[in-house]
Every structure is written in C-alpha cells, then in structure tokens.
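See structure below.
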Amino acid sequence: MITSYSPLGEVRYSGEYFSTLVGEAAKSCYGVAAMASSSVLDTVKSMVLGDDFSEKGVRVTEENGRLVIELHIIVSYGVNISSAAQSITHRVRDQVEKATGLKVARVTLVVDDVLG
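Residue numbers (numbering that gives the first Met the number 0): 0 to 115.
This is the structure in structure tokens:
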C-alpha cells in the first residue's frame, strides 16, 4: 500500500492498482509482444487467471517517497530494443505521474525474451 498526502487528506494506492496501470501502459507500447513472469507468484497466477493478466511482470515499490517500477517484458523480433525501451519507460513514467500525481524515481525494464 502506497500512501500520498495532500492538504485534503491521504490517498492510499494498492499494489494491484499500480501493477495494472503500469502493465496496461507497457502493453500498449510498440514492440511489446507480452509481459513476462517476474516471479513464481506470476507463474502461478498465469495458470489460474490465464496467460496475460494485467499485473504480470510488474513490481512497484516506494523508495524515499518516490516510486520504483520494475517491468519484465517480451519484445517482438526485429524491434530496436533500445528505442522500444526508451519509449516504454517514458510512457510508463508519464502515465503513472499523470494518474497519481506521485513522482517516479526510476523505471527498470528487463527484456526477458524476444518473440519471433
């Protein structure tokens, strides 16, 4: 649970909210073929919920009041990985900051596979 404070009170964001927000932003980017499992829990969820659920491959934590986002993706063959990674990190950072008003410290993108 990540909490944001304002003069009007506090807002609490669940981990699932951030995972879904980040996952959907990443999947909409050019070159992302799918999200990859980042943990054993993701693998188990894939068996239960189906292969492509929103929070798959996403981990969001808080560090010194700012968000740290880790993404595990599978890219399409032939995509310039450097350009795609830059586009994905910018889009994720922008979408999260616009939706929540919270600042993102860093986005770590891990390319786990290339889908041909």
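Here a beta-carbon is modelled for each residue, glycine too, at the ideal position from N, C-alpha and C.
Collapsed DSSP secondary structure at Leu20 in the structure displayed
Numbered from its first residue, the sequence shown carries residue 20 at position 21. Under the three-state reduction of DSSP output, Leu20 falls in the helix class.
Are the beta-carbon atoms of Gly56 and Ser36 separated by less than 8 Å?
Counted from its first residue, the sequence shown places residue 56 at position 57. Counted from its first residue, the sequence shown places residue 36 at position 37. Result yes, Cβ atoms of Gly56 and Ser36 sit closer than 8 Å.
Continuous beta strand (DSSP E) assignments of at least 3 residues falling wholly in the stretch 52–113
Fully contained in the stretch 52–113 are the following beta strand (DSSP E) runs of length 3 or more, in chain order: 57–62 and 65–75.
Taking the C-alpha atoms as reference points, what is the distance between Val106 and Pro6?
Position 107 of the sequence shown, counted from the first residue, corresponds to residue 106. Position 7 of the sequence shown, counted from the first residue, corresponds to residue 6. Whole-angstrom Cα-Cα distance: 28 Å.
What is the DSSP secondary structure of Gly14, counted as helix, strand or coil?
Indexing the sequence shown from 1 puts residue 14 at position 15. Under the three-state reduction of DSSP output, Gly14 falls in the helix class.
Please work out which residues of its chain come closer than 6 Å, Cβ to Cβ, to Glu9, disregarding the five sequence neighbours upstream and downstream, and give them in chain order.
In the sequence shown, counting from the first residue as 1, residue 9 sits at position 10. Closer than 6 Å at the Cβ level, and outside the excluded window around Glu9, lie Thr2.
Going by Cα to Cα distance, which pick from Asp112, Thr99, Val113 and Leu114 is closest to Ser13?
Residue numbering aside, residue 13 sits at position 14 when the sequence shown is read from its first letter. The option with the nearest alpha carbon to Ser13 is Thr99.
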